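Visitor: Per this note's numbering: the sequence shown = residues 803 to 1225.
Quick one: structure below, then a few questions.
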Amino acid sequence: MQQSTIATVIFALTASACSGQRPSSADSSVPQNGSAAAAACSPLETRTAEAPSQKAAVSGQTRACAVTSETAYDVTVLAKGLVHPWAVEPLPNGDLLVTERPGRLRIVSAAGVLGAPITGLPPVDARGQGGLLDVALSPAFATNNTIYWSFSEPRTGGNATSVGRGVLSADRRSVSAVRVIYQAKPTYDGDLHFGSRLAFGPDGMLYVTLGDRSDKPMRPQAQQLASDMGKILRLNADGSIPADNPFADSAGASKAIWTRGHRNVQASAFDANGQLWEVEHGTRGGDELNKVQKGKNYGWPLQAYGIEYSGAMPVSSPAGASATAMPGVEQPVYYWDPVIAPSGMQWYSGDAFPAWKGNLFIGGMKNQLLVRLVLRDGRVTGEEHLLADRKQRVRDVRQGADGFLYIVTDQDNGELWKVSPKR
Ligand SMILES: [Ca+2]
Ligand SMILES: [Ca+2]
């Protein structure tokens, strides 16, 4: 398992009449008001929806036009034998930090050499969906060698997501000055829906995504300001609460809350304009892409597309049947029915793949593929599924300083892939 294996697979992709990755050609694949333009769109998703009676709130909110990459790439398997890797984080020198859910943090070198587990991290509760989850670099990593990680923290009475911070040693074998800077509340005895991605914004703040803990008695907490569950949090880099958080002055509220009404957010990323986006696990038929805006309510469990995983229809809501739209609640920018089971996302900004600039890449676990979305004026205009032939659950996708994409797969024998331009 310590031995890295390099295998290269070459994909040569051909041009398509329905190309959409360049702004100049995207128009042809976008449904417009005219019927001729609409006829040019062939949705990528053609399977029966879980909730076929539900209607999108706006045109283009689901089932975007299929688009095809006109760029050729190689996939290099940099490492195998990773046990359910959850996050990959490129380091400035080209090496890669990788978490494994059972509780290990490792460095895989740019050449694919798998390092020993880094010591010094606190224990994790690695049951169900829990364990060592995301890892992020401090915005000042180049000078402070500081890293952050999220994990399901074992606590008296159960567990919950916490955020740790530590300094990577010069030899990169350990972390020191370890401190748990935030403990999401409340503690709950379960093993599902921990979130949790970490993303630093251009404001220097750390945004932490969380889940609702899945069990029905916990769900209402996604709307309750006293609970961190089902929220996105915003923290100072030391874990303290920024004074301008939306509920910083609300009595009884968790002051860390930035947004509420999320089901289980395992993907978040800032775009080139400094806007935060997230993709969350929704209901059966309701995975969502959302633009994250201060203080807003994203609906769960009151507003949702899709049905219960039990098959019950619709999702039970005090607002009544099929509550896909409610006043004061945000609509998703886009949703998937059937779902993709999203984890990890990256707005592509590199020079290695000019054709992909501005595109959004999202890990898809259910159908074992990488999702590429083309957006225009804040709406999704095209969707492509990549790497499906490899048949692995795509857990995280990140862009390296070299402009290549780095991917980890959620398997017992998980892999780390590098996607680079075809040589
Ligand atoms: Ca990360
Ligand atoms: Ca929602």
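Backbone N, C-alpha and C fix where the C-beta goes; we use that ideal spot for every residue, glycine too.
Keep in mind that this is a model prediction, so the values were computed, not measured.
(1) Assuming D1014 and A1024 make a contact with CB atoms under 8 angstroms, what is their CB distance in whole Å?
(2) Please report how far the alpha carbon of K1238 lies from the alpha carbon of Y1136, in whole angstroms.
(3) Around the C-beta of V860, are 16 or more other C-beta atoms found within 10 angstroms, so that it is buried, or is it exposed?
(4) Tell me the start and end of each unbroken alpha helix (DSSP H) in the stretch 967-1047 that is at least 4 residues and wholly inside, in chain order.
(5) Does ligand 2 have even one heavy atom less than 7 angstroms from the beta-carbon of Y1100?
(6) Nearest CA to the CA of R974: which residue from N895, Q1026 and A1050?
(7) Answer yes or no: the CB of A1106 versus the heavy atoms of ligand 2, is any distance below 7 angstroms?
(8) Quick one: is L893 near chain D, going by C-beta distance under 8 angstroms?
(9) Alpha carbon to alpha carbon, what distance is there between V1141 and V937?
(10) Taking DSSP as the reference, what is the three-state secondary structure of N946?
(11) Does the beta-carbon of D991 have 16 or more other beta-carbons within 10 angstroms, so that it is buried, or is it exposed?
(12) Can we count D1073 as close to ligand 1, meaning its CB is less than 7 angstroms from some heavy atom?
(13) Using DSSP with H/G/I as helix, E/B as strand and the rest coil, what is P1144?
(14) Can you give me the start and stop residues for the beta strand (DSSP E) that F1155 sits inside?
(15) With respect to the beta strand (DSSP E) encompassing G1165, which residues constitute its N-terminal and C-terminal limits?
(16) Quick check on the DSSP output: the beta strand (DSSP E) that includes V1196 runs from which residue to which?
(17) Grouping DSSP H, G and I as helix and E and B as strand, with all else coil, what is A1123?
(18) Considering only heavy atoms of ligand 1 and the C-beta of each residue, which residues fall inside 6 angstroms, strictly closer?
(19) If we count the other Cβ atoms within 10 Å of its Cβ and call it buried at 16 or more, is S998 buried or exposed?
(20) Closer than 8 angstroms is the cut-off here; do at least three beta carbon pairs connect the stretch 926-935 with the stretch 994-1008?
(21) To which residues of the same chain is S1016 closer than 6 angstroms at the C-beta, ignoring the five residues directly before and after it?
(22) For a test of your reading of the model: does the CB of R1134 fall under 7 angstroms from any non-hydrogen atom of ligand 2? Yes or no.
(23) Evaluate contact between the stretch 894-911 and the stretch 867-874, counting only Cβ atoms and requiring at least three cross-stretch pairs below 8 angstroms.
(24) Which stretch, first to last residue, makes up the beta strand (DSSP E) that contains D936?
(25) Going by DSSP in three states, R1086 sits in which element: helix, strand or coil?
(26) In the structure shown, what three-state DSSP assignment does R929 receive?
(27) Bridge partners for L923 per DSSP, in chain order?
(28) Which complete beta strand (DSSP E) runs does the stretch 890-921 hold, if anything under 3 residues is left out?
(29) I'd like to check one pair, V1173 with I1164: are the Cβ atoms closer than 8 angstroms?
Guide: According to the structure data:
(1) 5 angstroms
(2) Given that the chain is displayed from residue 803 to residue 1225, the structure contains no residue 1238 and the question cannot be resolved.
(3) Label assigned to V860: exposed.
(4) none
(5) yes
(6) Comparing Cα positions, the closest option is N895.
(7) yes
(8) Among the protein chains of the structure shown there is no chain D, as only one such chain exists.
(9) 25 angstroms
(10) helix
(11) Counting Cβ neighbours within 10 Å, D991 comes out exposed, since fewer than 16 surround it.
(12) D1073 Cβ: outside cutoff for every heavy atom of ligand 1.
(13) strand
(14) For F1155, there is no enclosing beta strand (DSSP E), as DSSP marks it with neither H nor E.
(15) L1162 to G1166
(16) V1196 to Q1201
(17) Below a pLDDT of 50, predicted positions are generally treated as unreliable, and A1123, at 45, falls in that range; the measurement from the model is reported next regardless. A1123 falls in the coil class under three-state DSSP.
(18) A889, E891, D936, V937, A938 and L1000
(19) Classification of S998: buried, given that the 10 Å Cβ count is 16 or more.
(20) yes
(21) L994 and H995
(22) Note on residue identity: the sequence assigns Pro, not Arg, to residue 1134. The answer is yes for P1134.
(23) For the pair of segments examined, the stretch 894-911 was found not to touch the stretch 867-874: the number of CB pairs separated by less than 8 angstroms stays below three.
(24) L934 to L939
(25) strand
(26) In this structure, R929 counts as coil in the three-state DSSP scheme.
(27) Beta-bridge annotation (DSSP): L923 is not paired with any residue.
(28) 898-902 and 906-910
(29) The answer is yes: Cβ separation under 8 angstroms.
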